[in-house]
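Let me begin by presenting the structure, written as structure tokens, before commenting on it.
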Amino acid sequence: MKKIIFLIFGSLFLQACSDDNKTDNTTSHPAATKSIKEAPQKKAPKSEPAESKWNGTSLSDATIKKVQRDKYNYTQCVYTEAQKKGYQKIDSRIATDAVIKQCEPELAIIRATFINDGVPEIIADRYLKKTRVHMIRKILQSLMFAEAARNAGATQ
66 MKKIIFLIFG
76 SLFLQACSDD
86 NKTDNTTSHP
96 AATKSIKEAP
106 QKKAPKSEPA
116 ESKWNGTSLS
126 DATIKKVQRD
136 KYNYTQCVYT
146 EAQKKGYQKI
156 DSRIATDAVI
166 KQCEPELAII
176 RATFINDGVP
186 EIIADRYLKK
196 TRVHMIRKIL
206 QSLMFAEAAR
216 NAGATQ
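Going by the numbering used here, the first residue of the sequence shown is number 66, and it counts up by one from there.
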């Protein structure tokens, strides 16, 4: 009995979904249907002319090398700061926050380099945020691993 009811509902559903009847269910008024279908697509207005937009490839090789060197200095600052013994006694999340705050001036140097080269502040800040978040994740993982190893009885 259930199979028969299922087959009946299935066939009714398939008939309702078929395109045999070719009806337009958008509206019953033909003029409204025509205006909806023929509505012109508007282009989004440009906020700035093409000349004033910053092009990412306009950074000089010297600027790129300076940013890479400063990022390396920031990474070294974070790693050397995280290895200090004082951070082993506190929670890894608090220690990570303290380490990142100690090395924040290194990121300010990268920001100044970008701003001096004409990079918009939004893009420079986005790069710094990405760099900061990446380092936070790596240091937090490292400190949590060290904390778990200490709690498990491993020596460091």
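Ideal placement from N, C-alpha and C gives every residue a C-beta, glycine not left out.
Practice item. Quick one: grab the DSSP three-state call for residue 126. Key: helix
Review point. Is residue 204 near residue 132, with beta carbons less than 7 Å apart?
Key: no
Check your understanding: Given a threshold of 16 other Cβ atoms within 10 Å of its Cβ, counted over all protein chains shown, does residue 160 qualify as buried or as exposed?
Key -> Classification of residue 160: buried, given that the 10 Å Cβ count is 16 or more.
Review point. Can you name the start and end residues of the alpha helix (DSSP H) that residue 209 belongs to?
Key: 186-217
Exercise for review: Check each candidate in 179, 211, 212 and 173 and name the one with the smallest Cα separation from residue 197.
Suggested key: 173
Exercise for review: Could you tell me if residue 223 is buried or exposed, where buried requires 16 or more neighbouring beta carbons within 10 angstroms of its beta carbon?
Suggested key: What the structure shows of the chain is the stretch from 66 to 221, and residue 223 is not part of that stretch, so it cannot be assessed.
Point to revise | Contact the stretch 164-171 vs the stretch 181-191: 3+ CB pairs below 8 Å | key: Contact between the stretch 164-171 and the stretch 181-191 is absent, because fewer than three Cβ pairs lie under 8 Å.
Point to revise | Presumed contact (8 Å Cβ cut-off) between residue 175 and residue 193, rounded CB distance | key: 6 Å
**Study point:** Exposure of residue 157, with buried meaning 16 or more beta-carbon neighbours within 10 Å
**Key:** buried
Practice item. For the alpha helix (DSSP H) holding residue 148, just list the boundary residues, first then last. Key: Looking at the DSSP string, residue 148 is not in any alpha helix (DSSP H), and its letter there is neither H nor E.
Exercise for review: Under 8 Å by Cβ, that's how I've got residue 140 and residue 200 pegged, so tell me the actual separation to the nearest angstrom.
Suggested key: 7 Å
**Study point:** Same chain only: Cβ atoms within 7 Å of residue 68, ignoring 5 sequence neighbours per side
**Key:** none
Check your understanding: So is residue 208 buried or exposed if we call it buried at 16+ other beta carbons inside 10 Å?
Key -> So residue 208 ends up on the buried side.
Check your understanding: DSSP three-state call for residue 142: helix, strand or coil?
Key -> helix
**Study point:** Among 128, 129 and 212, the one whose alpha carbon lies nearest that of residue 147
**Key:** 212
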